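**Q** Which chain is which? The protein sequence lines are A and B, in order.
The first sequence begins at 4 in the working numbering and counts up one residue at a time.
The second sequence begins at 4 in the working numbering and counts up one residue at a time.
All C-beta atoms in this analysis are idealised placements derived from N, C-alpha and C, irrespective of residue type, glycine included.
Computed from a prediction, not measured in an experiment: that's the story for all the values here.
First the structure, then my questions, so here it is.
2 protein chains.
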Amino acid sequence: MSETAVDYHPMWTSLGLNLENHDALLSILGRLYGDTFMTQKNRPEGMSYFDFVMSEVHGLRVKELMDAKAAGKKVVGTYCTFVPEELVLATGGIMVGLCAGADFATDEAEKLLPRNTCALIKSTFGFKLGGVCPYIEASDLIVGENTCDGKKKAYETLAGLVNEFYAMDMPQTKSPQGRALLKAEYLTFKEKMELLSGTVITVESLRKATAVVNNKRRAVQRLARLRAADPAPVSGLDALLINQVFFYDDPERFTGSVNAICDELEKSISDGTGVTPTGTPRILISGCPMAAPNWKVPATVEGLNAVIVGEESCIGERGSRGLTNTEAITVDGLIDHLVDRYMEIDCAIFTPNGDRLDHIKEMVNEYRADGVLLYGLNFCTPYLMEGLGIEKQLEASGIPALRIETDYSQEDTGQLTTRIEAFIERISG
Amino acid sequence: MSETAVDYHPMWTSLGLNLENHDALLSILGRLYGDTFMTQKNRPEGMSYFDFVMSEVHGLRVKELMDAKAAGKKVVGTYCTFVPEELVLATGGIMVGLCAGADFATDEAEKLLPRNTCALIKSTFGFKLGGVCPYIEASDLIVGENTCDGKKKAYETLAGLVNEFYAMDMPQTKSPQGRALLKAEYLTFKEKMELLSGTVITVESLRKATAVVNNKRRAVQRLARLRAADPAPVSGLDALLINQVFFYDDPERFTGSVNAICDELEKSISDGTGVTPTGTPRILISGCPMAAPNWKVPATVEGLNAVIVGEESCIGERGSRGLTNTEAITVDGLIDHLVDRYMEIDCAIFTPNGDRLDHIKEMVNEYRADGVLLYGLNFCTPYLMEGLGIEKQLEASGIPALRIETDYSQEDTGQLTTRIEAFIERISG
């Protein structure tokens with residue numbers, strides 16, 4: 004997001020971006036990134052890679068996509084952790100998460116969406132309508148999924164705004180019928196990817212792709228475990244950033260970079276050093292996904308001298324937990340393993356979703372969190388409703404919980420700061 | 004809801020109602036009913052039956068349920084038109100729609116639900132928590148369904164508040180997998196009803212039950228068609244009331260009463276008489292269901308000298324459209340016909356849901372509506388999102404449309420009246 008030597012304006016023009024809007028956005032984001040990330044103390048050296056990625060997120064990374072497209076590869080844009088990257092990679096394609104973490108062109112978005120729509124969905128529309136998302140423009144296919152009501156119905160409109168849109172159905176329960184539905188959808192998506200790419204998925208290509216994604220997940224799982232240390236070896240902001248880059252970067256390069264920073268963190272743990280003093284209040288964040296550049300709440304928490312030690316979130320451990328078995332001798336068998344792995348995701352769209360509470364408690368225990376901040380986006384019915392019960396059950400188990408409901412605006416930062424400050428005081432007791 | 008000779012307080016006590024709350028509710032509802040319905044001019048005589056039903060909706064009708072229970076029958080309470088009454092009737096049971104049309108004990112409800120929850124769901128909780136719904140207390144089984152996010156997740160909490168709760172999964176698309184899911188759910192529900200009642204469903208019992216429900220639907224379909232006449236033979240308020248009673252009354256008695264009023268309306272049509280003058284502006288209402296006693300918007304519309312000629316709604320034609328084929332020689336074959344019929348319901352939970360626009364246009368044409376009032380409950384994402392596109396498409400087809408978003412409070416009646424008045428003026432042009 005910082006200014007770079009290369010001028011990417013011709014590329015952005017060719018993608019049909021609104022250059023005036025886009026320059027304005029990059030300027031704001033560059034400042035926000037500097038203020039949020041570069042002011043942190045004792046940062047691991049390995050974060051310089053992720054700083055670079057973010058500085059080039061609309062530049063070099065998009066150029067890589069364009070080069071890959073020129074070489075015949077397909078780019079698939081997604082909004083959800085249920086879209087299996089394995090099937091995209093197996094056809095030689097590239098999967099990227101799409102921009103949805105900041106308010107942009109909200110007035111335009113509200114012409115197509117009810118005002119009472121969550122910030123994530125409004126942002127999706129705002130970035131498209133404002134002409135500021137190079138990823139959506141670079142995508143050969145946009146994949147939406149029937150997760151929540153808001154996304155399901157909004158995609159009907161989004162489909163008319165993009166070149167090619169693909170809707171993936173989703174189960175609502177973890178019943179045998181639910182699993183069968185997801186398997187049927189993954190088989191259909193496999194065919195779609197084969198048609199799009201002109202490449203037939205084989206046992207070898209799918210097994211290799213699955214291994215690549217497994218390695219990526221293993222790396223962030225390793226990072227997650229290191230955050231159990233006290234003092235914390237990495238800030239929650241930096242760890243969230245890595246989990247956000249998970250959705251944008253080349254998977255193998257990303258895996259290497261995460262493992263490199265993990266090597267560094269292991270050393271600092273064995274040296275007894277960290278980014279905050281020993282005994283800093285430790286918070287687990289749980290709830291709605293935080294898409295880049297949505298850093299508001301973590302920045303508030305860590306600005307108050309607490310440290311975030313885990314994200315129970317789609318962009319975080321809910322999304323990256325688990326690995327896929329690669330032992331099968333048919334493509335269908337490998338897809339069965341994929342379905343098994345993705346059906347384990349305990350998204351609030353499932354009913355019942357009792358495993359999520361268990362996972363939160365496990366994370367509290369493993370990462371030695373002093374309390375849980377239940378993060379909900381305004382109007383996100385699944386997580387807001389589920390959060391009410393989870394708050395009660397955590398408190399009943401002796402785990403302090405704070406439930407907050409917010410959006411991407413800065414209007415409530417004062418109120419949020421007060422509430423989070425009081426919560427930190429409570430858990431520091 | 005009026006005072007009756009019989010004192011039902013002992014029955015209400017035995018059901019565990021909060022008598023103080025319940026008396027207060029009945030008093031309010033009695034006045035509301037009088038003001039809304041009994042002040043209408045030129046009402047068909049046949050409405051006296053429905054006035055009686057409503058006056059006894061917490062009295063005699065509940066006593067009938069209690070008598071049936073004493074005789075070994077099971078009462079099943081539901082919240083959605085996707086729960087097949089046929090399978091309940093086939094086991095000798097009684098199905099009733101549950102109270103969800105008025106604000107009650109909202110403060111209590113908001114302890115268990117996010118504030119940004121639709122009025123229908125809040126009302127469900129308020130009636131239960133306030134102890135004022137004899138139907139929920141009389142039910143041997145409460146059936147919820149995974150339609151919208153709000154209901155799906157709220158039912159997880161409601162399940163803990165009632166004796167026996169049953170969750171029915173729902174498809175989100177009309178794909179073969181979606182149909183298979185609904186069929187599997189109906190088969191499971193059949194088994195549940197057999198276990199609950201101790202009665203095995205046979206071809207004969209299911210065919211008879213299906214015929215009973217078909218006859219009920221035929222009767223309200225006949226009523227709907229008669230409303231095509233100008234002058235309108237019945238008010239929209241009275242027709243809505245009949246569609247609400249559809250969910251409470253004994254089905255065969257209801258069918259007879261609807262057919263009796265249809266006979267009367269046919270005569271008034273052939274006499275050229277009606278409830279409003281010829282040329283009265285005619286409005287089709289489309290959108291969220293209006294559960295009794297939610298009469299706010301129809302009362303506003305008809306208080307402004309327009310007439311409602313149809314309800315494209317779950318409580319209305321969306322819910323009662325279509326009949327079920329009874330020609331099959333196995334229970335499985337009959338259930339296939341049931342699934343076929345219910346899969347035709349064009350609820351906004353489905354994506355895509357293009358048939359709904361076609362149906363609205365057909366209804367506009369058949370009932371000679373001058374415009375469509377798109378009715379949305381605040382925070383009802385599926386209908387609010389779908390309504391935005393439908394409004395545009397109706398207007399593009401030359402059909403005036405007004406999109407309103409409201410709840411059960413009276414706070415916005417001034418603003419609603421102003422907007423509806425302007426709309427009526429527009430379509431009267």
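How many whole angstroms separate the CB atoms of L185 of chain A and Y345 of chain A, which I take to be in contact at a CB cut-off of 8 Å?
**A** 7 Å
**Q** What would DSSP say about E148 of chain A, mapped onto helix, strand or coil?
**A** Residue state, collapsed to three classes: strand.
**Q** With 8 Å set as the bound, which would you pick, yes or no: does the beta-carbon of K155 of chain B sit closer than that to a beta-carbon of chain A?
**A** yes
**Q** To test your reading of the DSSP string, which unbroken alpha helix (DSSP H) runs of 4 or more residues are found completely within the region 131-212 of chain A?
**A** Listed in chain order, they are 137-141, 152-161 and 179-200.
**Q** Is it true that the CB of L35 of chain A sits closer than 8 Å to the CB of P296 of chain A?
**A** yes
**Q** Buried or exposed, going by whether 16 or more other CB atoms sit within 10 Å of the CB of E314 of chain A?
**A** buried
**Q** Taking contact to mean at least 3 C-beta pairs separated by less than 8 Å, is the region 328-336 of chain B in contact with the region 193-211 of chain B?
**A** yes
**Q** With a cut-off of 8 Å on the beta carbons, I'd call Y138 of chain B and G147 of chain B a contact; round off their distance for me.
**A** Not quite, the Cβ-Cβ distance comes to about 14 Å (not below 8 Å), so this is no contact.
**Q** Go ahead and label L22 of chain B buried or exposed: buried means 16 or more other beta carbons lie within 10 angstroms of its beta carbon, across all protein chains shown.
**A** exposed
**Q** So, does the CB of P385 of chain B fall closer than 8 Å to a CB anywhere in chain A?
**A** yes
**Q** Cβ closer than 7 Å: which chain A residues qualify as neighbours of S178 of chain B?
**A** D172
**Q** Report yes if the CB atom of A214 of chain A is closer than 8 Å to the CB atom of T329 of chain A, and no otherwise.
**A** Yes, they are a contact pair.
**Q** Per DSSP, what are the beta-bridge partners of T81 of chain B in this structure?
**A** T81 of chain B is bridged to B:G100 and B:V146.
**Q** Quick one: grab the DSSP three-state call for A329 of chain A.
**A** In the sequence under discussion, the amino acid at residue 329 of chain A is Thr, which differs from the Ala named in the question. T329 of chain A falls in the coil class under three-state DSSP.
**Q** What are the residues in the region 382-409 of chain A lying within 7 Å of chain B by C-beta distance?
**A** F382, T384, P385, L387, M388, E389, L391 and G392
**Q** Using a C-beta cutoff of 8 Å, does H291 of chain A count as contacting chain B?
**A** Residue identity differs from the one stated: residue 291 of chain A is Cys in this sequence, not His. Against chain B, the CB of C291 of chain A has no partner CB under 8 Å away; the residue lies outside that interface.
**Q** Strictly under 8 Å for the Cβ-Cβ distance: is D339 of chain A near chain B by that measure?
**A** no
**Q** Write down the C-beta distance between A212 of chain B and R230 of chain B rounded to the nearest angstrom, noting that I regard them as a contact closer than 8 Å.
**A** That pair is no contact at about 28 Å.
**Q** Threshold first: 4 residues or longer. Then list the alpha helix (DSSP H) segments lying entirely within the region 236-267 of chain B, N to C.
**A** 239-248
**Q** Look at the alpha carbon of P292 of chain A and the alpha carbon of D410 of chain A, and state the distance between them as a whole number of angstroms.
**A** 12 Å
**Q** In chain order, which alpha helix (DSSP H) runs of at least 4 residues are fully inside the region 278-313 of chain A?
**A** 299-306
**Q** Does DSSP put R371 of chain A in a helix, a strand or coil?
**A** coil
**Q** Shortest alpha-carbon distance to D339 of chain A belongs to which of A:S51, A:G37, A:L90 and A:C317?
**A** It is A:L90 whose Cα lies nearest to the Cα of D339 of chain A.
**Q** Are the beta-carbon atoms belonging to C83 of chain B and T384 of chain B less than 8 Å from one another?
**A** no
**Q** Name, please, each residue of chain B whose Cβ falls closer than 7 Å to the Cβ of L115 of chain A.
**A** L391
**Q** On the criterion of 16 or more Cβ atoms from any shown chain inside 10 Å, does K270 of chain B qualify as buried, or is it exposed?
**A** exposed
**Q** Which of helix, strand or coil does DSSP assign to I352 of chain B?
**A** coil
**Q** When the cut-off is 8 Å and only beta carbons count, does L20 of chain A lie next to chain B?
**A** no
**Q** Could you check which residue in A:G379, A:L132 and A:L161 has the C-alpha nearest to that of L20 of chain A?
**A** A:L132
**Q** Where does the unbroken beta strand (DSSP E) through E414 of chain B begin, and where does it stop?
**A** From DSSP, E414 of chain B is part of no beta strand (DSSP E); its letter is neither H nor E.
**Q** Could you pull the DSSP bridge partners for E315 of chain A from this structure?
**A** A:S289
**Q** Please check if any C-beta of chain D sits within less than 8 Å of the C-beta of Q175 of chain B.
**A** Within the model displayed, chain D is absent; protein chains A and B are what it includes.
**Q** Report buried or exposed for L198 of chain A, applying the criterion of at least 16 other Cβ atoms within 10 angstroms of its Cβ.
**A** exposed
**Q** Which stretch, first to last residue, makes up the alpha helix (DSSP H) that contains A73 of chain A?
**A** L63 to A73
**Q** Name the chain A residues that come within less than 7 Å of L184 of chain B, Cβ to Cβ?
**A** Q180 and L184
**Q** For chain B, check one thing: does any of its Cβ atoms lie closer than 8 Å to the Cβ of P355 of chain A?
**A** So yes, P355 of chain A belongs to the interface.
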